[in-house]
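Per UniProt numbering, the very first residue in the sequence shown carries number 1; after that it's consecutive. Here a beta-carbon is modelled for each residue, glycine too, at the ideal position from N, C-alpha and C.
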Amino acid sequence: MRRTIPTLAIVATVTVSVAFAASHAETPREVKARQGLMNIISINFGTIGDMVRGKDDYDAATAQAAADSLVGVGMIQHDNLWPEPTLGIDGSRALTEIGEDRAGFLAIWDRFDTAAAGLQAVAGGGIEGLGGAVGELGQVCKACHDDYRLTR
């Protein structure tokens, strides 16, 4: 009996450790890059959106910097961030439809580039010009999320 309890404790510890490690398996670098990219979009688009909604005061320099960052995201080569083996896997909300409709998916990124450039053009010029540009970029994001992102 004395040997059984320590043995059971060791077996339980190893079992929990293996289960924990399996649940935290290495996330592919492309998934990590995509998640970082989406965080950059969220932070910068949110900064401008909060100004438009009146949650934060409009600041031309901050709005311009956020819009510039969104344009920078558009400059990233997107195709290599979405390889098929990383689509539809645990830890990623990217659907396999991205691989099935690569041209449509990349066309939305082209629309993102255009909408971000439109936002960049008006961001520093006053709050009045932001609403339409924010709406346009928001529609592009929604189109991608509706077709290519797993809903929680």
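{"Item": "Residue range of the alpha helix (DSSP H) that includes Thr-151", "Value": "Thr-151 -> no alpha helix (DSSP H), and no H or E assigned at all."}
{"Item": "Cβ separation of Ala-116 and Gly-49, assumed to be a contact under 8 Å, to the nearest whole Å", "Value": "Not a contact, Cβ separation roughly 14 Å."}
{"Item": "Through-space distance from Ala-66 to Thr-47, alpha-carbon basis", "Value": "7 Å"}
{"Item": "Inter-residue spacing [alpha-carbon to alpha-carbon] between Asp-56 and Asn-44", "Value": "13 Å"}
{"Item": "C-beta atoms of Ala-63 and Ala-123 nearer than 7 Å", "Value": "yes"}
{"Item": "DSSP bridge partner residues for Ala-94 (one or two, in chain order)", "Value": "Arg-149"}
{"Item": "For Gly-132, three-class secondary structure by DSSP", "Value": "helix"}
{"Item": "Exposure label - Leu-130; buried when at least 16 CB within 10 Å", "Value": "buried"}
{"Item": "Spatially closest choice to His-145 from Thr-114, Ala-103, Arg-111 and Ala-94, by CA coordinates", "Value": "Ala-94"}
{"Item": "Rounded separation between Tyr-58 and Asp-110 - CA only", "Value": "28 Å"}
{"Item": "For Ala-21, three-class secondary structure by DSSP", "Value": "Only weak support is given to the placement of Ala-21: the predicted model assigns it a pLDDT of 46, under 50, and the question is left unresolved by the model."}
{"Item": "Spatial neighbours of His-78 in its chain, beta-carbon cut-off 6 Å, leaving aside the 5 residues before and after", "Value": "Trp-109"}
{"Item": "Proximal residues to Ser-69 (C-beta, below 7 Å), its chain only, five neighbours per side dropped", "Value": "Ile-40 and Asn-44"}
{"Item": "Alpha carbon of Glu-30 to alpha carbon of Gly-99, nearest angstrom", "Value": "14 Å"}
{"Item": "Option in Thr-86, Arg-102 and Ala-60 with minimal Cα separation from Gln-35", "Value": "Thr-86"}
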